[in-house]
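In this note's numbering, the protein residues as written are 17 to 101. Glycine included, each C-beta is placed from N, C-alpha and C at the ideal position. Worksheet: one structure, shown below.
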């Protein structure tokens, strides 16, 4: 979390152990991981494909969505954030 930004990984297609292993390889623990085994987040944020990226405002409203492997490097996330400014 920095400057009012919080990043959270939500894994919707794996159990907790598999998700921690898979996400851990990609993001090396850069941000918290939530495993959505019940599908609640997937439904709430209208996820149709994986991976999906959902940007929320401070009130939890969706302000942007992207689908596909844009990656999760700081540079790629910054580019996405700048697109929705």
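TODO: Count the other CB atoms, across all protein chains shown, that sit within 10 Å of the CB of residue 65; report buried if there are 16 or more and exposed otherwise.
DONE: Looking up residue 65 in the chain shown gives position 49. Counting Cβ neighbours within 10 Å, residue 65 comes out exposed, since fewer than 16 surround it.
Open item on the list: For residue 79, which residues in the same chain have their Cβ closer than 8 Å to its Cβ, ignoring the five residues on either side in sequence?
Closed with: Walking along the chain shown from the start, residue 79 turns up at place 63. Only 71, 72, 73, 100 meet the Cβ criterion.
Open item on the list: For a test of the three-state rule: what should DSSP assign to residue 66, helix, strand or coil?
Closed with: Here residue 66 refers to the residue found at position 50 when the chain shown is read from its first residue. In the structure shown, residue 66 sits in coil (DSSP, three-state: anything other than H, G, I, E or B).
TODO: Could you pull out every residue in the same chain whose Cβ sits closer than 6 Å to the Cβ of residue 26, ignoring the five residues on either side in sequence?
DONE: Along the chain shown, one-based indexing puts residue 26 at 10. Result list for residue 26: 50, 52, 57, in chain order.
Open item on the list: When you compare the CB positions of residue 47 and residue 21, do they come within less than 8 Å of one another, or not?
Closed with: Mapped onto the chain shown, residue 47 falls at position 31. Mapped onto the chain shown, residue 21 falls at position 5. Not in contact: residue 47 and residue 21 (Cβ atoms no closer than 8 Å).
Task: Identity of the residues DSSP links to residue 78 by a beta bridge - done: Along the chain shown, one-based indexing puts residue 78 at 62. BP columns for residue 78 point to 72.
- [ ] Write down the C-beta distance between residue 69 and residue 97 rounded to the nearest angstrom, noting that I regard them as a contact closer than 8 Å.
- [x] Looking up residue 69 in the chain shown gives position 53. Looking up residue 97 in the chain shown gives position 81. With a Cβ gap of about 10 Å, residue 69 and residue 97 do not count as contacting.
Task: Which of helix, strand or coil DSSP assigns to residue 26 - done: Here the question's residue 26 lines up with position 10 in the chain shown. It is a strand residue.
Task: Straight-line gap, residue 34 to residue 59 (C-alpha atoms, nearest Å) - done: Position 18 of the chain shown holds residue 34. Position 43 of the chain shown holds residue 59. Distance between the alpha carbons of residue 34 and residue 59: 21 Å.
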